[in-house]
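Colleague: Following this message is one structure expressed as structure tokens.
Residue numbers (mature numbering (1 follows the signal peptide of the UniProt record, and there is no 0)): -22 to -1, 1 to 551.
In structure tokens, the structure reads:
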């Protein structure tokens, strides 16, 4: 069965639901009196009941109907009401956190604050690399990759073209590829750059134990890696500008308390589809607000795993790379912070990268990050509490803001409230939803997000609906990591397409025929049906609430993403 067939069937069901809702609204159909339960029902009785429902004259089983009302009001509504108030508390925590970060971010922008105000930055002695080479520290550039056929040339070339004395930089390609053809291509590319005079090392492993963390750990065991002063890390799809090291390393040279300098990501494919546009809004908020606020206040934020430079001593002092979670970058950042190290975020330095081009790839990426973050919270909470080199205020920020609110509460509250309770509430009139919780708080969250993205206001409605769908994936991932459920330590590499790849001579891997479950996202399809039914019910029996417009839009968002629609047509770009 094709995805289009499933979509057509669902749209048909939606049309049927709309027709039934319209019939009920004008009194043509009456479902307010349900069929009796108890004694076996014969065919004639069923037909009589159906006729009575259709003409609105059925009076059978009124006792069953009022029994349902009693159960609904006495059992179901109170339980859901507790969930509502729990979500209200979490929503307040979330909005306070978001407003705080946005105020800090806006304040930083208003006063023109720069990291140089807090940390010393001066260009390294000697404008001429050859004359001033003695003042340049030894830098190791690590590029971990795994079957990166589409982008391996881009990342290796960008690293080899970094402006730094040739005898003070080592490029290390950590290739975990399992495809012999790709592995051979990567090794040949390294040999080509070595023939050009670049100090480049090609390193492999016999197993992928520990995934990226294992590769980085293995790379640091080399003798030349141990001698390095600083380590720059770039994923296979990242392309730093030639002056990247000249702009970041001075923070480490002149500030011995700084362990990490993190640059901002930019994207080469952010305008290719509606999916990549809303992703860019998500990442822009993360860098412009969360990273900037953390750097400006507590000198703490999560290492993004790439586009950053570490002090080698700090990595060793923190215990090195560990593969106990799928967020080895965040793990190292937290452990280094507990040792007293500080971080610097440099938003002016941007490194080009690639956004996931498909919905499934983005979901896998978000699952790894959400599950890993919640899992790390479980493992590190006690260590943060007992740490001696961190102030009480910073501990509170790490546990409450960084871990609890962002990694657990944010996806949980949004998913339960807007994807479960709100749709169900239209069938339970006894349930009370405070307007400030379902309207005012989301409005505030939308404003604090949009205020740093004035050029993308026209995409905000799509972003809101997209994030509503993603909360289902993120909540499942967060609970999986927090409770260590099956798959909590699963690592899936995000597929790249290499937007800037112009070498048509490199053959692409043979495409395989996708199965139905690979073409259709059944959880999203299921949620779309559920929300469509709730919206149709609300349209027919709206009473004091009228959420059906929002619910229909939300259901449509679930349906489109369930069919892997990414908005690549010209009208969506």
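The beta-carbon is built from N, C-alpha and C at its ideal position, and this holds for glycine as well.
Leaving out five residues before and five after residue 481 in sequence, what residues of the same chain have Cβ atoms less than 8 angstroms from its Cβ?
Modeller: Note that residue 481 scores 41 on pLDDT, short of 50, meaning its location in the model is unreliable and no value can be drawn from it.
Colleague: Where does the unbroken alpha helix (DSSP H) through residue 448 begin, and where does it stop?
Modeller: 438 to 461
Colleague: Decide yes or no for the touch test of the segment 75 to 87 against the segment 421 to 433: beta carbon pairs closer than 8 angstroms, at least 3 of them.
Modeller: yes
Colleague: Give every residue of the same chain whose Cβ lies closer than 7 angstroms to the Cβ of residue 156, excluding the five residues on either side of it in the sequence, and list them in chain order.
Modeller: Closer than 7 angstroms at the Cβ level, and outside the excluded window around residue 156, lie 125.
Colleague: Residues bridged to residue 242 by DSSP?
Modeller: 328
Colleague: So residue 391 and residue 65 are supposed to be a Cβ contact under 8 angstroms. How far apart are they, rounded?
Modeller: 5 angstroms
Colleague: Do residue 540 and residue 513 come within 8 angstroms of each other at the CB atom, strictly closer than that value?
Modeller: In terms of Cβ geometry, residue 513 and residue 540 do not form a close pair [threshold 8 angstroms].
Colleague: Please list, in chain order, all residues of the same chain as residue 257 whose beta carbon is under 6 angstroms from its beta carbon, the five residues on each side excluded.
Modeller: 333
Colleague: Using 8 angstroms as the Cβ pair cut-off and three pairs as the minimum, do the segment 110 to 122 and the segment 188 to 203 touch?
Modeller: yes
Colleague: Here's the rule: buried if 16 or more other CB atoms are within 10 angstroms of the residue's CB, otherwise exposed. What is residue 17?
Modeller: At residue 17 the pLDDT is 45, less than 50, meaning the model places this residue with poor confidence and gives no usable figure here.
Colleague: Tell me which same chain residues have a C-beta within less than 6 angstroms of the C-beta of residue 463, skipping the five on either side of it?
Modeller: none
Colleague: If you check the beta carbons only, do residue 442 and residue 424 fall under 8 angstroms apart?
Modeller: Yes, the Cβ-Cβ distance between residue 442 and residue 424 is below 8 angstroms.
Colleague: Counting pairs of Cβ atoms below 8 angstroms between the segment 258 to 268 and the segment 451 to 469, do you hit three or more?
Modeller: Output reads no: the segment 451 to 469 does not touch the segment 258 to 268.
Colleague: For residue 185 versus residue 419, is the C-beta distance shorter than 8 angstroms?
Modeller: no
Colleague: Output yes or no for whether 8 angstroms exceeds the beta carbon distance between residue 100 and residue 232.
Modeller: yes
Colleague: Does the structure place the segment 512 to 527 close enough to the segment 302 to 321 that three or more beta carbon pairs sit under 8 angstroms?
Modeller: no
Colleague: Taking the straight line between their C-alpha atoms, what separation do you get for residue 383 and residue 402?
Modeller: 25 angstroms
Colleague: For residue 580, I'd like the list of residues in its chain whose CB is within less than 7 angstroms of its CB, leaving aside the five on either flank, ordered along the chain.
Modeller: Any question about residue 580 goes unanswered here, given that the chain covers just -22 to 551.
Colleague: Closer than 6 angstroms by C-beta to residue 328: which residues in its own chain qualify, once you throw out the five before and the five after it? Chain order, please.
Modeller: 242, 244
Colleague: Cutting at 8 angstroms between CB atoms, please list the residues of its own chain near residue 89, excluding the five before and the five after it.
Modeller: none
Colleague: Return helix, strand or coil for residue 122, following the three-state DSSP convention.
Modeller: strand
Colleague: Return helix, strand or coil for residue 279, following the three-state DSSP convention.
Modeller: coil
Colleague: For residue 150, tell me which candidate among 356, 176, 129 has the shortest Cα-Cα distance.
Modeller: 176
Colleague: Checking 8 angstroms against the spacing of the C-beta atoms, do residue 536 and residue 447 come in under that value?
Modeller: yes
Colleague: Taking 8 angstroms as the cut-off, does the segment 270 to 280 touch the segment 330 to 344 (at least 3 CB pairs, one atom from each stretch)?
Modeller: no
Colleague: Apply the 10 Å Cβ neighbour rule to residue 162 and answer buried if 16 or more other Cβ atoms are within range, or exposed otherwise.
Modeller: exposed
Colleague: Using C-beta distances below 8 angstroms, list every residue in its chain close to residue 55, excluding the 5 sequence neighbours before and after it, in chain order.
Modeller: 406, 408, 409
Colleague: Thinking C-beta only, is residue 319 closer than 8 angstroms to residue 237?
Modeller: Closer than 8 angstroms, so yes.
Colleague: When DSSP labels each residue in this structure, what does residue 343 get in the three-state scheme?
Modeller: helix
Colleague: Buried or exposed: residue 506, going by 16 or more other Cβ atoms within 10 Å of its Cβ?
Modeller: buried
Colleague: Classify residue -21 as helix, strand or coil using the three-state DSSP reduction.
Modeller: Confidence is the limiting factor: at residue -21 the pLDDT is only 37, short of 50, which leaves the residue's position unreliable, though a coordinate-based value still follows. If DSSP states are grouped into helix, strand and coil, residue -21 belongs with coil.
Colleague: Anyone know if the C-beta pair for residue 397 and residue 449 falls short of 8 angstroms?
Modeller: Annotated as proximal: residue 397 and residue 449, with beta-carbon spacing under 8 angstroms.
Colleague: Is the beta carbon of residue 215 sitting closer than 8 angstroms to the one on residue 373?
Modeller: no
Colleague: Just verifying my parser: in three-state terms, what is the DSSP assignment at residue 98?
Modeller: coil
Colleague: What three-state label does DSSP hand residue 289 in the structure shown?
Modeller: strand
Colleague: Figure out for me which residue from 461, 67, 296 has the closest Cα to the Cα of residue 412.
Modeller: The residue with the shortest Cα to Cα distance from residue 412 is 67.
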